[in-house]
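In full-length UniProt numbering, the protein residues as written are 1 to 395. For each residue, glycine too, the CB sits at the ideal point set by N, CA and C. Here the structure is a predicted model, which is why all the values come from computation and not from measurement.
Below is the structure:
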């Protein structure tokens, strides 16, 4: 398979500034997407909707992210990727202002749909853009930097949203994000070099056609099992901690903050090993996540032990998207944008499926059974990956 990546000739300092701008955009996207979770009750009250209806408005972004990720490689055609990414940041800016000014439930839904388009578009193009910015040997480091932005937002978005919401209201929280995203938009335009599509990856009319490649098909199956398993667990941490560990609000905040902060160690640690041990990590990480998940069940009544396991869970979980992005950069070199779109669609779908599976198990049995179900999915993903031979492109 030929490699057709053309990198613009720009100074090394600008390259890493561009990577930093993209990491900042990733952080803003994660914050915008998940901060409302901590503000759900006041949002529902203000818009005269039920909490369940407000939750639907939050989740609709995932649906639009799936659709966008499948369409954007072909619909953006030969457009300069610098302008596409800046346009997506602009769309995020508009979405935040609409959310902050939403006068009814329908306007909130529309604003969240716009955010979903940004989420799907940005993450579909992110790996391909990094590939065009840095040399191959620097890819793990650059992808690690990108996902550090993810880890920052995951760590602080919910607690900050909750705290600021009590001071300035939920609308004020979203208005506070607006100037930061505006600065990020300018930084993207300043730091990213022109990156016109040179024809190496115009995007298939149907991104799903990549599934005709056996190694991509197996990889997407493994991706869906991995993320479904992780989110069948992650989505229901709170009820597990409340029913098994019997935490109070302060202890719950400590556990969730530790979970997020551990992501820094996970992204850094994965970056150090990806060049030499990629396939071992792809197989080993879901097994490790399953093992930590199952270890929480007998230890669930001991706060100190659970806290250590949560930190380990957060570190392992954060390493998984870095590993899969690195696989994408190596295994789908000729069509990284189409591959990115397919991967984002697979991840978003698996998040929805995993949360649904975990929810059914929680409602009918218990949070512990939901954890077991998630662990089973994680082990199945490791079985699909195996030694990694199935994930290697044919010569």
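Checklist entry - When the Cα atoms are used, what is the spatial distance from residue 278 to residue 327? => result Between the C-alpha atoms of residue 278 and residue 327 there is a straight-line separation of about 7 angstroms.
Checklist entry - Helix, strand or coil: how does DSSP classify residue 230 here? => result helix
Checklist entry - At a cut-off of 6 angstroms, is residue 180 close to the ligand PLP when judged by its beta-carbon and the heavy atoms of the ligand? => result Because no ligand of any kind appears in the structure shown, any question about the ligand PLP cannot be addressed here.
Item to check | Contact set for residue 2: own chain, Cβ-Cβ below 7 angstroms, skip 5 residues either direction | outcome: Note that residue 2 has pLDDT 40, beneath the 50 cutoff, so the model's placement of it is unreliable and no number is given.
Checklist entry - Counting along the chain, where does the alpha helix (DSSP H) carrying residue 187 start and finish? => result 139-191
Checklist entry - Under the rule that 16 or more other beta-carbon atoms within 10 Å means buried, what is residue 154, buried or exposed? => result buried
Next on the checklist: Below 8 angstroms on the Cβ atoms is my contact criterion, and I expect residue 348 with residue 173 to pass it. Report the Cβ-Cβ distance as a whole number of Å.
Outcome noted: Contact doesn't hold; Cβ gap of about 24 angstroms is too wide.
Item to check | residue 12 classed as buried or exposed, judged by whether at least 16 other C-beta atoms fall within 10 angstroms | outcome: exposed
Checklist entry - In the structure shown, what three-state DSSP assignment does residue 300 receive? => result coil
Checklist entry - The alpha helix (DSSP H) spanning residue 363 covers which residue range? => result 336-364
Checklist entry - Anyone know if the C-beta pair for residue 250 and residue 282 falls short of 7 angstroms? => result no
Item to check | Completely contained alpha helix (DSSP H) runs for the region 69-142, where each covers 4 or more residues | outcome: 81-101 and 105-133
Checklist entry - Just how far apart, CA to CA, sit residue 247 and residue 296? => result 14 angstroms
Item to check | Proximity below 7 angstroms, CB of residue 351 to CB of residue 227 | outcome: yes
Checklist entry - Taking the alpha carbon of residue 253 as the point to measure from, which residue in 382, 158 and 28 has its own alpha carbon closest? => result 158
Next on the checklist: Measuring only the C-alpha atoms, how far is residue 213 from residue 48?
Outcome noted: 49 angstroms
Checklist entry - Leaving out the 5 sequence neighbours to the left and right, which residues in its chain are closer than 8 angstroms to residue 258 when beta-carbon positions are compared? => result 307, 310, 311 and 314
Checklist entry - Hey, quick one: how far does the alpha helix (DSSP H) through residue 238 stretch, first residue to last? => result It spans 237-240 - the alpha helix (DSSP H) in which residue 238 sits, taken as one unbroken run.
Checklist entry - How would you call residue 317, buried or exposed, if buried means at least 16 neighbouring beta carbons within 10 angstroms? => result buried
Checklist entry - Quick one: what's got a C-beta closer than 7 angstroms to residue 111's C-beta in the same chain, skipping five residues either side? => result 95, 98, 99 and 102
Item to check | Contact under 7 angstroms by Cβ, residue 396 with residue 32 | outcome: Given a span of 1 to 395 for the chain in the structure shown, any question on residue 396 remains unanswerable.
Checklist entry - Between the beta-carbon of residue 332 and the beta-carbon of residue 120, is there less than 7 angstroms? => result no
Checklist entry - How big is the Cα-Cα spacing for residue 168 and residue 145? => result About 32 angstroms.
Checklist entry - Can you tell which of 305, 160, 389 and 137 has its C-alpha closest to the C-alpha of residue 39? => result 160
Next on the checklist: The alpha helix (DSSP H) that contains residue 23, what's its start and end?
Outcome noted: 12-34
Checklist entry - Near residue 261, which residues of its chain fall below 6 angstroms by C-beta distance, leaving aside the five closest residues on each side in sequence? => result Cβ-Cβ distances below 6 angstroms link residue 261 to 155 in the same chain, with the five nearest sequence neighbours on each side left out; the list follows chain order.
Item to check | Cβ-Cβ distance between residue 220 and residue 346 below 7 angstroms | outcome: yes
Next on the checklist: In whole angstroms, give me the CA-to-CA distance for residue 389 and residue 92.
Outcome noted: 39 angstroms
Item to check | Between the CA atoms of residue 165 and residue 200 - distance to the nearest angstrom | outcome: Low confidence applies here, because residue 200 scores a pLDDT of 49, under 50, leaving its location unreliable and the question unanswered by this model.
Item to check | Residues of its chain near residue 362, where Cβ-Cβ distance is below 7 angstroms and the 5 sequence neighbours each way are ignored | outcome: 236, 239 and 370
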